[in-house]
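Residue numbering for the sequence shown is 3 to 152, as defined by my numbering.
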Amino acid sequence: MIPDLLASIYPWTKALHIMSVISWMAGLFYLPRLFVHHTEQSTAGDEKDAVFQMMELKLLKVIMNPAMIATWIFGLMLVFTPGIVDWFSIWPWIKGAAVIAMTWFHMWLGLRRKEFERGENTRSGRSYRMMNELPTVLMIVIVLAVVLKF
3 MIPDLLASIY PWTKALHIMS VISWMAGLFY LPRLFVHHTE QSTAGDEKDA
53 VFQMMELKLL KVIMNPAMIA TWIFGLMLVF TPGIVDWFSI WPWIKGAAVI
103 AMTWFHMWLG LRRKEFERGE NTRSGRSYRM MNELPTVLMI VIVLAVVLKF
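Next comes the structure, spelled out in structure tokens:
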């Protein structure tokens, strides 16, 4: 029953998964950039600090968290749709590892936001710029794995 339902709604599930991923990725790209500017343009307790904290909190709670949850839900629905994943191939395992790494990065960003909130950020703008490359690398791995199916 459930496999038949998943197969019948597959195009919708795939479309919703793609939209969720786009939203999540937008946040994963933008939040570290906010941290760069937060670090370089404000100090704890000043007026800009409060504005950056509000922007970072809303981005994480209103966009990124729901998008990540939706990505996982629709992704798991795709995984359980009959005939979609060949578990004898390596690509689903590569994609899965990259999605777990992306989720770790999301959580890492959440911890950094709390450091800003407490006035305890010790990282430089440069370190946030470097970490901002991680979602790009993971995205490349995921897209190549899914499209090329190696």
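Even for Gly, the Cβ is constructed at its ideal location relative to N, Cα and C. Quick caveat: nothing in here was measured; it's all calculated off a predicted structure.
Range covered by the alpha helix (DSSP H) that runs through residue i
{"i": "Val53", "result": "49-60"}
{"i": "Pro5", "result": "4-10"}
Cα-Cα separation between residue i and residue j, rounded to whole angstroms
{"i": "Met79", "j": "Ile4", "result": "10 Å"}
{"i": "Leu18", "j": "Arg125", "result": "36 Å"}
{"i": "Leu33", "j": "Met141", "result": "16 Å"}
{"i": "Ser22", "j": "Thr15", "result": "10 Å"}
{"i": "Val145", "j": "Met66", "result": "20 Å"}
{"i": "Val148", "j": "Lys97", "result": "7 Å"}
{"i": "Leu150", "j": "Ile86", "result": "14 Å"}
{"i": "Trp93", "j": "Ala100", "result": "11 Å"}
{"i": "Glu42", "j": "Glu117", "result": "15 Å"}
{"i": "Leu111", "j": "Pro137", "result": "12 Å"}
{"i": "Arg131", "j": "Trp95", "result": "28 Å"}
{"i": "Ala9", "j": "Ile20", "result": "17 Å"}
{"i": "Gln55", "j": "Ser91", "result": "43 Å"}
{"i": "Asn134", "j": "Ile11", "result": "35 Å"}
{"i": "Leu59", "j": "Val143", "result": "28 Å"}
{"i": "His39", "j": "Thr45", "result": "11 Å"}
Closest Cα partner of residue i within the set the options
{"i": "Gly121", "options": "Leu30, Ala52, Ser91", "result": "Ala52"}
{"i": "Gly29", "options": "Phe107, Val81, Ala100", "result": "Phe107"}
{"i": "Met104", "options": "Val139, Phe76, Met132", "result": "Val139"}
{"i": "Pro13", "options": "Phe76, Leu113, Asn134", "result": "Phe76"}
{"i": "Trp89", "options": "Ile20, Ile24, Gly112, Phe152", "result": "Phe152"}
{"i": "Pro153", "options": "Ser91, Met27, Glu49, Lys50", "result": "Residue numbering for the chain in the displayed model covers 3 to 152; residue 153 lies beyond these limits and cannot be assessed."}
{"i": "Asp6", "options": "Met70, Thr83, Ser44", "result": "Thr83"}
{"i": "Ala72", "options": "Lys60, Ala9, Ser25", "result": "Ser25"}
{"i": "Trp74", "options": "Lys63, Ile102, Glu135", "result": "Ile102"}
{"i": "Met109", "options": "Glu119, Val143, Met70", "result": "Met70"}
heavy atom of the ligand ATP below 8 Å from residue i C-beta
{"i": "Val143", "result": "No copy of the ligand ATP occurs in the structure displayed, which carries no ligand at all."}
In the segment 69-148, which residue ranges form an unbroken alpha helix (DSSP H) of at least 4 residues, counting only runs that do not cross its ends?
Segments of the alpha helix (DSSP H) lying fully in the segment 69-148: 93-120, 127-133.
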